[in-house]
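These notes are about the structure you will find just below.
Residue numbers (my numbering), protein chains in the order written: chain A, 1 to 529; chain B, 530 to 1058.
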C-alpha cells in the first residue's frame, strides 16, 4: 500500500505536489524508525509559483493595514491553542523533546505569546519608528520589503522557531511581508499542523490566503536559487553554519538581505574570586545550562574558561559529577548524534582530555552521554579553531588557563558569539579583572551576562539575540525581542514632499492610533502634529 | 628634480610611505594636466599597521565617552573652517566644481554642519536607542563595532562625502569607531588638507591620535583584503557599481558589514495631467536637476517617463531646449567623460534617439555636451538593462510610453533606486493614476518624492538616502541623516543582569544627560528610572 504524501500549502490552497521526485518521512528519535506519513521534496517550479503568489498577496495586503495583520496573528495563536494537545503530541513524537516541562508548559506558551506580542506590536505601530521633520516636510518609517520572507527553521524548537508561527515568521509578517516557510525536515508533521492552523486563521481574518505558504523540503540548490530570486524580499535562516554560509553567499551575490543565526559557543568566564566563593553553585548552574534540552540550544555554553587553581579544578570536578548525574535525553536527530561523536574524535585528536561522557548510549534511539572535555589555555590558544567549534548536544569544553592573562588571551581569540557570561565574586574582589576582560568580550557578542547562564532567552524589546559574524550575519540586529526583531525584515521608506492624503497613516499629521510613538522634530511623542 | 611625495597619516603621525611602489598626481579637469604634488599608493603592510593602530585607538577611546568625540568633531569643523579658503581653492582646482555657488557657499557649510550635527548627536546620545526592560533587567543599546570603519569616498563631493570629514566619516566616528580613510584619487590634496585639520583637532581634543588615519590610494586587491580583515569593523563605500560589488563580495565572504552606495537612476514619472498642466515648468526643473553639478550627483534623474501625447512631446521639446541652453560644466575626471561617450554609443546601439548633446566639447579639459536621449516604452521594456544604466554626468533618457499601462510596466521593471519622483496634476486629476503607480515604486526606492526633483538631499533625521540593491547594499539603512546614518556602523549590545556600576552610562537607572531619550518599558522617556 502506498503511503499518503502530504500536500503543500501554496498559492492559497493545499496542493498535491507536482511530480514529487522524492519524499521523506519524519523519524522517531527514540527508536530511529520512520513515523507515518510522507512529505514531498518540492521542485523549483513550485517555489516560483509560491513567489508569484506571494507578490499577489503583498499587494492585496497593502490596503488592509496593520490591524488586519494583528487580527490574523491573534487568530492564529488561538487556532493553534485549540489544537495544542495534538501539536504537543506530534512535536514530542518528532523531536523527542519532553512534553513536560518543555513542550506543553514552556515552549508552546512562548510560541503563542510571541504571536500575540507581534499582533500587539503591529496594532501599536510604534515599531516602524515614524520620523517626521515638519520644517522640511520629510517623513520616514520602516515598511515591508516588497517581497516575501523565506523562513528556514531549525531542528531544536518545533514551536518557538517553527518556520510557520515561530519568531522569524511572526516578525516577518508583522513587518508586513508574506512568508514562504520551509519546514525543518525533523518535524514536518508539527509544521503541517501549524500551517493548518495558520490557514484557518487566514480564512477567518480575511487576509490574502497566499500570505503564508509552506513547503516541507526542497533540494539545497533550489534553496540557493530561491533566496537570490528577484521576487524574494529577504531570508531568515537559523541552522547549521555550513548550510547558512551557502545561503548567505547566494543571497549576498543577489543583494538580498538575509538574517542568519549560524553558530555560537556562548563562552562562560569564571573569574577566580567567583570560583573560590561559589564554585559548587556555578558548577551546578553550568551543568544544568549545558544539558538542558539535551544541550540543543543555540545559547548553550560550549566553552567554560576557568583558572587552573584549586577552586577552578574543584569547580570542574563538580561539573563532572553534575554532568554524570544528569540523565542524557534523546537528541532531535541522528545528525546531532553523529555530530557529537565526530566532535569527540576531533577533540581527542586535538589532545583535549575527556572528563565525562564521550560515547553514544546503548539501546534504541539517539542518545549520547553528557560530554565534558578539558584542555589547557596553552592548547586552546595554539589551535582555537579546533576547540572553538559549536557542538549541538550536551557537550562542553572547559579551558583551564594558567592565570588571568591567559584568560584574556582566550577571550581575545574568540569569534563572534551570541552571548558571553562572566561570573565574578559577589564580594567585588573580581571587579578589577572584570573591567579588564569586559572590553575584549563586549565587541564580540550580542548579549553580555553577569552571574547568569545564557540559555534563557526572554522575549523582550531589550533582548539581544544577535552578535557579530559568525554568530549571525550582521551585528546590528536581534532575532528575538518584539518589536526590534521586525527590523531585520523592513526597508526604510522616505517620503519627501508627498501630498498629505497620500502618506501612510503612520506619517500623517494625525497620530493614527492616538498612542503610537513617533519621533517628531527630535522629540518622541504620542501627540498629533 | 624629484617632486615631493606626500606623507600618509597612520598610527598617529604623518609618515613617509614605506617603499612607495607607485605614486600618482591629481589632475586639473580644466586642462587635463597633472597638478603639483605626488601621492603614494600604499601597500598592504601599511594597511595592516593602520588596522593595528586603530585597534589601540578604539580601546583608548572607550573610557573617554561621547562628549570627547563630540569635542573632536566640533574642533575639526572649526579647524576646517579656519582653512576654508585654502580648501575651497584646492577642491576647485582638483574637481573643477565651481567655487560659487557650489563649493564655498553650499558644500562647505554642509560639510561643517554635518560634523557639528554629528557632534550634537554624540552629546545627546539618543541615537543609541537605549532600551530598558526594568522587570527582566535587560538593557540594550547600539554601540561601536569593535574595529575601524574603512571609508572609501566618491569623486563628486570633495567636502560633504570626503573620506575625511564627510558624512560616512562623521557617522562612523560619532558611533564610536576609529576611521581609516581612503582618499578619492580625484582630490587627494583636498583630502590631505582635511586630514591635517582633523589631526590638529585630534591633538586639541586629547583623543587617541590614531582615531583618524588616511591613505591616498592602494591597489584594488589590497582594498579587497582590507575590507575582509579580521580587525576591520565595517566598510563604507560610495562609488562605482563595479568597484563596489567587488568590495561587497570580499566583505560578505568574511561576514563584515559594508555600507554601499552604488548606482541609481532616480526615475521621474510625469503623469499625463501634470504634463498637460505645467509641462514647461517641469521641463525646466528637470533640466536644472539633470545638469546641476554637471550631472554628477547620485540623485540625478537618469530616466524620465512621459506619455507620448502632445503634452509629453512638448515637455520633451522644452527639456531639449533647456539642455541645450544650459552651458556644460567641467567634469571631475576623464573617467566621467569616457563613461558618457561610452553610454552614448551604447544607447545608439540600443536604437535610442539622440535629442541633445551626445559629444565631448572641443578645447582643453573634460567637458561633454548636456545629453538627452529619447526612446519608446516598447524599446525600454524589450531591453531595460540597456537603458536603465546609471551614467554620471549631465545625461538623461526620456522614455515616451504609449499610455499609463506602459508607464506602470516601466516602473515594474526598474531595479532598486535611491529615489523616484512622481509629478501629478495640482488639480487632482492624476490621483487615481498615482494610487496605481505608487505601490510599484514604493518598494523599489528609499525616498519617494511628489512634484519635486531628487537632487536636493537635506541632512535631516527624516531623510532616507538609501534603497534596495543595487542602489545600496541593504534597504534598511540611510547614509544621509543624522543620527540615523550612524546605525550603519553600530552593533546592538545587550546587557543581561549586568551589575549596575558596570553598565554603560546610557543604560544606568539615572539618565546620563537628563535629556537623552530612552525606551523604558515600552515608553520613550527622558526621565530617570
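Every residue, glycine too, gets a C-beta built ideally from N, C-alpha and C.
Check: Would you list, in chain order, the members of the stretch 571 to 602 of chain B that have their beta-carbon closer than 7 Å to a beta-carbon of chain A?; Outcome: 588 and 591
Check: Does the beta-carbon of residue 501 of chain A have 16 or more other beta-carbons within 10 angstroms, so that it is buried, or is it exposed?; Outcome: exposed
Check: Report whether the distance from the Cβ of residue 318 of chain A to the nearest heavy atom of the ligand FAD is below 7 Å.; Outcome: Ligands are entirely absent from the displayed structure, and the ligand FAD is therefore not among its contents.
Check: Would you kindly check if the distance between the Cβ of residue 743 of chain B and the Cβ of residue 710 of chain B is under 8 Å?; Outcome: yes
Check: Taking only runs of the alpha helix (DSSP H) that begin and end inside the stretch 1008 to 1056 of chain B, which ones reach a length of at least 4 residues, in chain order?; Outcome: none
Check: Roughly how many whole angstroms lie between the Cα atoms of residue 271 of chain A and residue 436 of chain A?; Outcome: 11 Å
Check: With a CB to CB cut of under 7 Å and the five nearest residues on each side skipped, what residues in its chain are close to residue 95 of chain A?; Outcome: 29, 158, 186, 187 and 332
Check: Find the residues of chain A that neighbour residue 1007 of chain B, judging by a C-beta separation of less than 8 Å, and give them in chain order.; Outcome: 140, 492 and 494
Check: Of all Cβ atoms in chain B, is any one closer than 8 Å to the Cβ of residue 321 of chain A?; Outcome: no
Check: Is residue 459 of chain A helix, strand or coil by DSSP?; Outcome: coil
Check: Would you kindly check if the distance between the Cβ of residue 269 of chain A and the Cβ of residue 420 of chain A is under 8 Å?; Outcome: yes
Check: So which residues of chain B does residue 466 of chain A contact, with C-beta pairs closer than 9 Å?; Outcome: 1020, 1021 and 1023
Check: Note down, in chain order, all residues in the stretch 28 to 41 of chain A with a beta-carbon under 8 Å from any beta-carbon belonging to chain B.; Outcome: none
Check: Who are residue 743 of chain B's beta bridge partners in DSSP?; Outcome: B:538 and B:710
Check: According to DSSP, is residue 1099 of chain B part of a helix, a strand, or is it coil?; Outcome: Nothing can be reported for residue 1099 of chain B: it is not among the residues displayed for chain B, which extend from 530 to 1058.
Check: Among B:1021, B:547, B:771 and B:655, which residue has its Cα nearest to the Cα of residue 576 of chain B?; Outcome: B:547
Check: Measuring CA to CA, which of A:10, A:114 and A:55 is closest to residue 484 of chain A?; Outcome: A:114
Check: Can the beta-carbon of residue 492 of chain A be found less than 8 Å from the beta-carbon of residue 998 of chain B?; Outcome: no
Check: Let me see if you follow: with CB-CB separation under 8 Å, is residue 745 of chain B close to chain A or not?; Outcome: no
Check: Would you kindly check if the distance between the Cβ of residue 943 of chain B and the Cβ of residue 494 of chain B is under 8 Å?; Outcome: Coverage of chain B is limited to positions 530 through 1058, which leaves residue 494 of chain B absent and any answer about it impossible.
Check: Between which two residues does the beta strand (DSSP E) harbouring residue 142 of chain A extend?; Outcome: 138 to 143
Check: Quick check on this structure: which residue in B:678, B:811, B:696 and B:807 has the alpha carbon closest to the alpha carbon of residue 581 of chain B?; Outcome: B:678
Check: By the 7 Å beta-carbon criterion, what residues does the stretch 122 to 140 of chain A contribute toward chain B?; Outcome: 131, 132, 133, 136, 138, 139 and 140
Check: Whole angstroms are fine: how far does the CA of residue 728 of chain B sit from the CA of residue 342 of chain A?; Outcome: 54 Å
Check: Pick out whichever of B:636, B:619, B:731 and B:682 has its Cα sitting closest to the Cα of residue 600 of chain B.; Outcome: B:731
Check: Is it the case that the Cβ atoms of residue 335 of chain A and residue 300 of chain A are separated by a distance below 8 Å?; Outcome: no
Check: Along chain B, which residues have their Cβ under 8 Å away from the Cβ of residue 448 of chain A?; Outcome: 1022, 1023, 1024, 1025 and 1027
Check: Starting from residue 790 of chain B and walking both ways along the alpha helix (DSSP H), at which residues does that stretch end?; Outcome: No alpha helix (DSSP H) contains residue 790 of chain B, which is instead part of the beta strand (DSSP E) from 787 to 790.
Check: Alpha carbon to alpha carbon, how far is residue 356 of chain A from residue 340 of chain A? Give it in angstroms, no decimals.; Outcome: 13 Å
Check: With a threshold of 16 other CB atoms inside 10 Å of the CB of residue 563 of chain B, please say whether the residue is buried or exposed.; Outcome: exposed
Check: Helix, strand or coil: how does DSSP classify residue 824 of chain B here?; Outcome: helix
Check: Starting from residue 717 of chain B, trace the alpha helix (DSSP H) both ways and give me its first and last residue.; Outcome: 717 to 734
Check: On the DSSP letters alone, give me the boundaries of the beta strand (DSSP E) that residue 756 of chain B sits inside.; Outcome: Run containing residue 756 of chain B: none in the beta strand (DSSP E); it sits in the alpha helix (DSSP H), 749 to 756.
Check: Taking Cβ to Cβ, would you say residue 676 of chain B is nearer than 8 Å to residue 894 of chain B?; Outcome: no
Check: By Cβ distance, which residues of its chain are closer than 8 Å to residue 1038 of chain B, with the 5 residues on each side in sequence left out?; Outcome: 1029, 1057 and 1058
Check: Is the Cβ of residue 434 of chain A closer than 8 Å to any Cβ of chain D?; Outcome: No chain D is part of this structure, whose protein chains are labelled A and B.
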